[in-house]
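Q: Submitted below is the structure of interest, expressed as structure tokens.
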Amino acid sequence: MQKQDKAIAYFLIFQAVVGGLVFANLAVNTSIPLGVWVVFAPLIAAALAAGISSLARKRWAAILGAVVFAAQAPIFASHYFSYSAWLGIHLDFAFTWNDQAKVGVNVFALVMLIWSGFRLNAPDSPFKETTPSESA
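According to my numbering, the sequence shown is numbered sequentially starting from 2.
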């Protein structure tokens, strides 16, 4: 397993731990809306599962890790609805119109998504799918 793959896996575990701690702190000190539970609880569980299973070289875990990063990339808000999910580290770049609408991207999550996508399909990737002729 390449150092890059381990770095991505450990970062997913880090995100799950930090995200879980922040979420637990919010749960204890505030009233968390159902929508936040629906997004963050599965995202934390997915990040933890993806990180741990990526270390075990499971392809599905590497794909799940990319999905975790993809879920953190978009940012949008209006008067009626908003979405911004991040676990641990984020660097946001967003446009706001008249304090009513916001559209942006978590640049850090986008970079991690691109990096994990490249590693998933890299020639030396431990997650690369093998065809029956390659495994024989």
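Note that beta-carbon positions come from the ideal geometry of N, C-alpha and C, so glycine has one too.
Cutting at 6 Å between CB atoms, please list the residues of its own chain near F128, excluding the five before and the five after it.
A: R60, A63, L121
Q: Are the segment 25–42 and the segment 98–107 in contact at 8 Å, needing three or more beta carbon pairs?
A: Not touching, per the Cβ criterion.
Q: Closer than 8 Å is the cut-off here; do at least three beta carbon pairs connect the segment 63–81 with the segment 21–33?
A: no
Q: Identify, in the order they occur along the chain, each residue of the same chain with its Cβ nearer than 7 Å to the Cβ of A17, setting aside the five sequence neighbours on each side.
A: The answer, listed in chain order, is I45, A48, L49, G52, L88.
Q: Would you tell me roughly how many angstroms separate the C-alpha atoms of A86 and N26, rounded to the nearest one?
A: The straight-line gap from Cα to Cα measures roughly 16 Å.
Q: Applying the criterion that 16 or more other CB atoms from any shown protein chain within 10 Å of the CB defines a buried residue, is G36 buried or exposed?
A: exposed
Q: Could you have a look at A95 and say whether DSSP puts it in helix, strand or coil?
A: strand
Q: Nearest CA to the CA of L111: which residue from A74, L13, V69?
A: A74
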